[in-house]
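Visitor:
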Amino acid sequence: MTATDILQGEVALRNLSKSYSLNGQSLPVLRNLSLNIRGGEALAIVGPSGCGKTTLLRLLAGLEPADGGQVLIDGQEVSGVGTERAVIFQEPRLLPWLSVRDNIGFGLELRGQPRSAARERAERFIRLVGLAGFEDAWPRQLSGGMAQRVGIARALAVQPEILLLDEPFGALDAMTKLTMQEELTRIWQEQAVTMVLVTHDLEEAIFLADRVLVMSRDRSAPRLIDIALPRPRDRSHPDFVDMRRQLMAQFGLH
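The UniProt record's numbering numbers the first residue of the sequence shown as 1 and each following residue consecutively.
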């Protein structure tokens, strides 16, 4: 593949390894993981607690260093955080002293955009995430789902190539979670970003992802499963139900 063949937002992991120290001993979390994430695709990462899902996401985000291996974005090795990546956590972590508009524009101002331009761009993403009319609301006035919409808008406003999400809807009630999954699908399709999502919810992974990376606690090689279902996806369709059954079988569930 030549440089001109590389899609924007393409990620390559090469022999990525990470260990932590526990009681004076080295505990391996990732061992020589290699993976290609296509530009513009949605990849979900699933697995039991402690299998390394969030560690992998943090390495992709540059929030901590790997012990070995490489992370390449668009063919270039990266280390540390970068403007081409944005992270959304389970808690939206909004600044309580700023309005919705100013929370979304905050990152743009940090990057040197004039306040007027940042606010104008924030307005666009307020509309994108369905919060028109709440521009001047304070974080304390928002529901959990609305606050997470602000977090998504704030991440997208800085125009990342890659959106990294760590259990973004884990704290939401069931109905709000379903709504936000549909909204995230719409936003991902409109913005054409690469999306990497960590989730414990197998149905969420099937609904959102093009492929699912299945990780395990025994550090065996993760398995990649294609989600060859048309969009929009119907959770009640037999093919969706069958895919959920297949994914559950990866964990010995029925």
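Note that beta-carbon positions come from the ideal geometry of N, C-alpha and C, so glycine has one too. Quantities reported herein were computed from a predicted structural model and do not represent experimental measurements.
Tell me the rounded alpha-carbon separation between D210 and D74.
Guide: Our two residues, D210 and D74, have alpha carbons roughly 19 Å apart in a direct line.
Visitor: Taking 8 Å as the threshold, find out whether the stretch 174-192 comes into contact with the stretch 152-166 through three or more Cβ pairs.
Guide: yes
Visitor: Comparing the CB of G39 with every heavy atom of the ligand GDP, is any distance shorter than 7 Å?
Guide: The ligand GDP is not part of this structure, which contains no ligands at all.
Visitor: Do the stretch 163-178 and the stretch 84-98 touch if we need at least three Cβ pairs shorter than 8 Å?
Guide: yes
Visitor: Looking only at its chain, what residues have a beta carbon closer than 6 Å to the beta carbon of A192, apart from the 5 residues adjacent to it on each side?
Guide: Contacts found: G40.
Visitor: What do you reckon, are the CB atoms on V11 and T194 nearer than 8 Å?
Guide: yes
Visitor: Leaving out five residues before and five after Q250 in sequence, what residues of the same chain have Cβ atoms less than 7 Å from its Cβ?
Guide: V214, R223
Visitor: Below 8 Å between beta carbons: does that hold for D67 and S34?
Guide: no
Visitor: Is it the case that the stretch 141-151 contacts the stretch 115-124, given that we only count it when at least three CB pairs across the two stretches are under 8 Å?
Guide: No: the two stretches stay apart, fewer than three of their Cβ pairs being nearer than 8 Å.
Visitor: Do V158 and R111 have their CB atoms nearer than 8 Å?
Guide: yes
Visitor: In whole angstroms, give me the CA-to-CA distance for L13 and W138.
Guide: 40 Å
Visitor: Which class does I45 belong to by DSSP, given the choice of helix, strand or coil?
Guide: strand
Visitor: Beta-carbon separation of L247 and V198 under 8 Å?
Guide: no
Visitor: Look up L98 in the DSSP assignment and say whether it is helix, strand or coil.
Guide: coil
Visitor: Alpha carbon to alpha carbon, how far is L43 from E237? Give it in angstroms, no decimals.
Guide: One point to set straight first is that residue 237 is His, not Glu, in the sequence displayed. One C-alpha to the other measures close to 21 Å.
Visitor: Which word fits M180, buried or exposed, when buried means at least 16 other C-beta atoms lie within 10 angstroms of its C-beta?
Guide: buried
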